[in-house]
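Shown next, in structure tokens, is the structure this report addresses.
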Amino acid sequence: MKIAWVTDSTVCLDEELSSHPDLYVLPMTILLDEEEYLDGVTLGPVELYEKLKGLKNAPKSSQPSVGSFVELYSKLKDEYDSIISIHVSSHLSGTYSTAVQAANMIDHPIKVIDSKILSYPLSYLIKLGMKVISDGGSSEEAVEVIGDLLKSNETYVLVGSIEQLHRSGRMNGLQFFIGSFMNIKPIISISDGQLLVKEKVRSGKKGLEKMADYIKDSSDKGAIKEIFILYGLHDEEALKWKNNIKVMFPVVKCSIHPLGAVIGLHAGEHTLGISWFCES
Numbered sequence: 001m002k003i004a005w006v007t008d009s010t011v012c013l014d015e016e017l018s019s020h021p022d023l024y025v026l027p028m029t030i031l032l033d034e035e036e037y038l039d040g041v042t043l044g045p046v047e048l049y050e051k052l053k054g055l056k057n058a059p060k061s062s063q064p065s066v067g068s069f070v071e072l073y074s075k076l077k078d079e080y081d082s083i084i085s086i087h088v089s090s091h092l093s094g095t096y097s098t099a100v101q102a103a104n105m106i107d108h109p110i111k112v113i114d115s116k117i118l119s120y121p122l123s124y125l126i127k128l129g130m131k132v133i134s135d136g137g138s139s140e141e142a143v144e145v146i147g148d149l150l151k152s153n154e155t156y157v158l159v160g161s162i163e164q165l166h167r168s169g170r171m172n173g174l175q176f177f178i179g180s181f182m183n184i185k186p187i188i189s190i191s192d193g194q195l196l197v198k199e200k201v202r203s204g205k206k207g208l209e210k211m212a213d214y215i216k217d218s219s220d221k222g223a224i225k226e227i228f229i230l231y232g233l234h235d236e237e238a239l240k241w242k243n244n245i246k247v248m249f250p251v252v253k254c255s256i257h258p259l260g261a262v263i264g265l266h267a268g269e270h271t272l273g274i275s276w277f278c279e280s
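Numbering (UniProt numbering), first residue to last: 1 to 280.
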């Protein structure tokens, strides 16, 4: 069977996925002072962070429209036997529900998955599903394998700018005031697709120490094959984290990946995150 994969621009595409003929990405929309941009198409991270410095109004982002999903699904149904559409956590965006709505309007086998994550971990799930298919598995088997693995994900983010988090509506006024006054950086966890404040630290060094503790606790429960380090714009600090983690956990593969514009819009250019799947 020929299967199409659909996702959104919160994904982090590596070389393998960016050139894959069966993967289709619908971009998020970013609104900056009444100007609309398509994430990863007409606006990248470097341009975004430069524009953020002179904004008059709070930046906003929105998911692809129902119409854009319907248009893409309609095109793909003539070329593929089925479609697997996997998207950023439904707690962070309405993209998943929009995809479900569109899929119900198309007479074709379409499975929509809430990944409960974002960025490169989402890419990892897509690559895993593609491997199931290339090994001779069905689309149902690919969906089942993805569903089992996504439950084991752990993701922690050291927010680079609580001011941006506040302006984008992800932090209330009191939390912002206390964080700014105390010079505190929150560590956000993504738990079952939701953003939760895990801890608060005062420096990137303390943040890395906490991340190492999380890895150790998780590795005691199951095997961690690869750790993904996620960064906003500056990879220098991400490379330092990678080197430190390789010293602490030498048998675990470690890679770094950019978060992308629409995520950086909320978290800031100095954001650093860490993610992995705990596989049995």
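Quick reminder that beta carbons are idealized off the backbone N, C-alpha and C, glycines included.
Nothing here was measured: the structure is a model prediction, and the numbers come from that model.
Backbone secondary structure at residue i - three-state DSSP
i    : result
Q63  : coil
A267 : helix
G147 : helix
A238 : helix
F181 : Legend: pLDDT at F181 = 42, less than 50; position of this residue unreliable, no value from coordinates given.
D33  : coil
T42  : coil
D217 : helix
Y120 : helix
K53  : coil
V252 : coil
E79  : coil
L72  : helix
A58  : coil
I126 : helix
G193 : coil
Cα-Cα separation, residue i to residue j
i    : j    : result
A102 : E50  : 35 Å
E15  : V41  : 17 Å
I187 : I113 : 27 Å
V157 : T271 : 7 Å
N244 : D217 : 17 Å
L1   : E36  : Inspection of the sequence shows that residue 1 is occupied by Met rather than by Leu. Those two C-alpha atoms are separated by around 38 Å.
K56  : L32  : 9 Å
E140 : I146 : 10 Å
S74  : Y80  : 10 Å
I3   : I84  : 7 Å
R202 : V247 : 23 Å
I190 : S18  : 25 Å
M130 : A142 : 7 Å
L118 : G137 : 25 Å
V159 : V197 : 10 Å
H266 : L149 : 27 Å
S93  : C254 : 28 Å
I86  : W241 : 29 Å
G268 : E47  : 13 Å
S219 : V132 : 25 Å
L192 : F277 : Just to set this straight, residue 192 is Asp in the shown sequence, not Leu. Computed Cα separation, rounded: 13 Å.
E34  : P59  : 9 Å
N104 : L43  : 31 Å
Q194 : S134 : 32 Å
Environment of residue i [buried if 16+ CB atoms lie within 10 Å]
i    : result
N153 : buried
D121 : For the record, residue 121 in the displayed sequence is Pro; it is not Asp. By the neighbour-count rule (16 or more Cβ atoms within 10 Å), P121 is buried.
K53  : exposed
E237 : buried
V88  : buried
F181 : Because the pLDDT at F181 is just 42, under 50, the model does not fix this residue reliably, and the value given afterwards should be weighed accordingly. Its Cβ having fewer than 16 others within 10 Å, F181 is exposed.
K205 : exposed
D39  : buried
L23  : buried
K151 : exposed
L239 : exposed
L174 : Confidence at L174 is low in this model, with a pLDDT of 39, below 50, so the placement of that residue should be treated as unreliable; the coordinate-derived value is given next. By the neighbour-count rule (16 or more Cβ atoms within 10 Å), L174 is not buried but exposed.
Rounded distance between the beta-carbons of residue j and residue i, thought under 8 Å
i    : j    : result
I110 : V70  : Contact flag wrong, Cβ pair sits at about 11 Å.
K200 : I184 : 5 Å
V262 : S61  : 5 Å
P45  : G273 : Incorrect: roughly 14 Å between the Cβ atoms, too far for contact.
C12  : S123 : 5 Å
T95  : S275 : Rounded, the Cβ-Cβ distance is 19 Å, inconsistent with contact.
I227 : V251 : Not confirmed; about 11 Å, so no contact.
H108 : K77  : 4 Å
Cutoff 7 Å: residue i Cβ touching any chain C Cβ
i   : result
E35 : The displayed structure is made up of one protein chain only, and chain C is not part of it.
(request) May I ask you to verify whether the region 64-72 touches the region 96-110, counting CB pairs closer than 8 Å and requiring at least 3? (result) Touching, yes.
(request) Determine, using beta-carbon pairs with one atom in the region 20-36 and one in the region 3-11, whether at least three such pairs fall under 8 Å. (result) Enough Cβ pairs lie closer than 8 Å, so yes.
(request) Decide yes or no for the touch test of the region 201-209 against the region 218-234: beta carbon pairs closer than 8 Å, at least 3 of them. (result) Between the region 201-209 and the region 218-234, the count of C-beta pairs closer than 8 Å stays below three; the two stretches do not touch.
(request) Taking 8 Å as the threshold, find out whether the region 256-275 comes into contact with the region 231-240 through three or more Cβ pairs. (result) They touch, by the three-pair rule.
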